[in-house]
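Asker: A single structure is presented below for examination.
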Amino acid sequence: MLGKIKSAVAFALLVGASFAVHAAGLGKLTVNSALGQVLAAEIDLVSLQPGELESLSARVASPESYRDARIEYSSVLRLLRFSVEKRANGQPYLKVTSVAPINEPFVDVLIEVTWPAGRLQREYPILLDPPGFADAKARAPVSSAPAAAP
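Using the numbering used here, you'd call the opening residue of the sequence shown number 1 and step up by one each time.
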């Protein structure tokens, strides 16, 4: 009897894993804007099956989803817009923009992606540096302490 239960559990896990492998997913977030600017960000779309890209849509998750996930729902989230795009190399991504400048240095966004065969939600913390901050970091000289004489 125990062997049958183990077999059934193993089968269920295998079937569930095969569905998960074929589900669309969200990858790396890249932010291309700074604090006080209109948001410009990209999220890689991964594991898409043929035909999913055309029917895929994304939005900020509902306030109820934020509450369930114990994430604060900020009014700035209403400014965000999402569109599915393709890079020059054909790689699909989710373009994230805002309709007005974002003046909060940290925005915790819970994204809901839907397509005919599924739905997923994923949290992304968006950190916005002041304009020029990344450039200043890149230009900052690296100083080293003088070596001690023996």
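Each residue gets a CB set at the ideal place from its N, CA and C atoms; glycine is no exception.
Checking contacts by CB at 9 Å: is L56 closer than that to chain D?
Answerer: Here chain D cannot be found, since the structure has a single protein chain.
Asker: Report, in whole angstroms, the separation of the C-beta atoms of E42 and V113, which I expect to be a contact under 8 Å.
Answerer: In fact, because the Cβ distance is near 14 Å, the residues do not count as touching under 8 Å.
Asker: Determine the DSSP secondary structure at D129, reduced to helix, strand or coil.
Answerer: Reduced to three states, the DSSP call for D129 is coil.
Asker: Opposite G25 in the DSSP bridges: which residues?
Answerer: In DSSP, G25 forms a bridge with V46.
Asker: Helix or strand or just coil, what does DSSP make of E64?
Answerer: Of the three classes helix, strand and coil, the one that applies to E64 here is helix, per DSSP.
Asker: Going straight from the alpha carbon of V21 to that of L120, what length do you get?
Answerer: Interpretation of V21 is limited by its pLDDT of 46, a score under 50 that renders its predicted location unreliable; the figure taken from the coordinates is listed afterwards. The straight-line gap from Cα to Cα measures roughly 14 Å.
Asker: Flag this pair as touching only if the segment 67-76 and the segment 102-116 have three or more C-beta atom pairs under 8 Å; answer yes or no.
Answerer: Yes: the two stretches touch, three or more of their Cβ pairs being nearer than 8 Å.
Asker: I need the straight-line Cα distance from P92 to S65, nearest angstrom please.
Answerer: Each residue's alpha carbon lies about 26 Å from the other.
Asker: Could you give the first and the last residue of the continuous alpha helix (DSSP H) run that contains E52?
Answerer: Its alpha helix (DSSP H) spans residues E52 to S55.
Asker: Taking just the CA atoms, how far does V31 sit from F133?
Answerer: Going by the C-alpha atoms only, they are around 13 Å apart.
Asker: Secondary structure at L77, three-state DSSP: helix, strand or coil?
Answerer: In this structure, L77 counts as helix in the three-state DSSP scheme.
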